[in-house]
Amino acid sequence: AQAWAEVLKLERVGRHDSFFELGGHSLLAIRLVTLLQQADLHITLAELFEHASVAAIAALLSQRGGAPQPQQQTLIPVRTGGSQPPLFLVHEFSGLDLYFPALGKHIAGDFPIYGLPGVALGQPQLHTMQCLATRLVGIIREVQAEGPYRLAGWSFGGVLAYEIAQQLIGQDQVVEFPEEQTVDRLFEAQAQAHPEATAAVHGQQSLSYGELNARANRLAHYLMGLGVKAEDSVAILLKRSLNLLGNQLAINKCVAVNVATGQPTRRLKRQI
1312 AQAWAEVLKL ERVGRHDSFF ELGGHSLLAI RLVTLLQQAD LHITLAELFE HASVAAIAAL
1372 LSQRGGAPQP QQQTLIPVRT GGSQPPLFLV HEFSGLDLYF PALGKHIAGD FPIYGLPGVA
1432 LGQPQLHTMQ CLATRLVGII REVQAEGPYR LAGWSFGGVL AYEIAQQLIG QDQVVEFPEE
1492 QTVDRLFEAQ AQAHPEATAA VHGQQSLSYG ELNARANRLA HYLMGLGVKA EDSVAILLKR
1552 SLNLLGNQLA INKCVAVNVA TGQPTRRLKR QI
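For the sequence shown, our numbering assigns the number 1312 to the initial residue and increments by one for each residue that follows.
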């Protein structure tokens, strides 16, 4: 309770008060886990999200006798209940499990959610996308032997999820693809529902969902008029800006691929 109060800057914390209902968030959760581990109370961030009160953490530690857990879990249970096939969240570039619990709280559905962390620091590292994906495919199939599989990831994790999907398909497995949940369709729906709401801010500039969607639609039509089609590679030669965001959205609408500018010219359909 003292650690809870220190992190949340409160005088007192009740045994059954939820850390997050008292104002805790992901960054404060990291600090709390660090304090608890320094006090030789070994819990993970994922466990804190699942057992958010002092009483719940105490019960968890009592159940396992307070023994330290292995340095790294190969699978992070985010939500264990559900009747449908599970959703596997793929780690981003850091390989850490920090975002799994926070993201899982916002994903509704009648299915379990598991996080797939990367190889722990201090362990032999894998250096190719194929090797990283092969490791995770093995973990996934230990939990769910046969498809259909559900995968999700953001940033680097999205690219890794794609490679995992390719390997599963190569093993004659089915990987679900929620076409109605693609970025461009979700953004289009948001623009229709809340056209005046602010979508992006950069410096002193801002764009509403309607404005950003209109920009992206114009550029997408222009690119398709130039012959850009599904799976073509398009490079964007812009610094971070609202224009960059609009261009990225336009490429998504073309179902093309945004690639780094260092790619060989022969592999690019267009540069914008």
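C-beta: ideal position from N, C-alpha, C; glycine also. This one's a predicted model, so the numbers in the text were calculated from it and none came from an experiment.
- By the Cβ criterion, the region 1476-1494 is not in contact with the region 1512-1532, since fewer than three pairs of Cβ atoms, one from each stretch, lie closer than 8 Å.
- Every beta strand (DSSP E) of 3 residues or more that sits fully in the region 1444-1523 is shown, in chain order, as 1461-1464, 1509-1513 and 1516-1519.
- If you draw a 10 Å sphere on the C-beta of Pro1423, you find 16 or more other C-beta atoms in it, and that means buried.
- 8 Å or more divides the Cβ of Phe1404 from the Cβ of Gly1426.
- Under DSSP, Pro1428 shares a beta bridge with no residue.
- Here Arg1375 is exposed: its Cβ has fewer than 16 other Cβ atoms, across all protein chains shown, within 10 Å.
- In the structure shown, Arg1326 falls within a coil segment according to DSSP collapsed to helix, strand and coil.
- Inclusion of Leu1339 and Val1324 in the CB contact set at 8 Å is not warranted, their separation being larger than that value.
- Looking at the backbone, the Cα of Leu1556 and that of Leu1462 are separated by about 25 Å.
- Residue nearest to Cys1565 within the set Leu1479, Glu1542 and Glu1361 is Glu1542 (criterion: CA-CA distance).
- Looking at the backbone, the Cα of Ala1444 and that of Met1535 are separated by about 33 Å.
- A contact between stretches requires three or more CB pairs, one per stretch, nearer than 8 Å, and the region 1498-1516 fails this requirement with the region 1470-1481.
- Between Arg1326 and Val1365, the C-beta spacing is below 8 Å.
- For the region 1519-1558, the full-length beta strand (DSSP E) segments reaching 3 residues or more read 1544-1546 along the chain.
- In the three-state scheme derived from DSSP, where H, G and I count as helix and E and B as strand, Arg1375 is classed as coil.
- Beta-bridge pairing by DSSP links Arg1342 to no other residue.
- Check the Cα spacing between Gly1469 and each of Ile1354, Val1454, Glu1457 and Val1494: the tightest is with Val1494.
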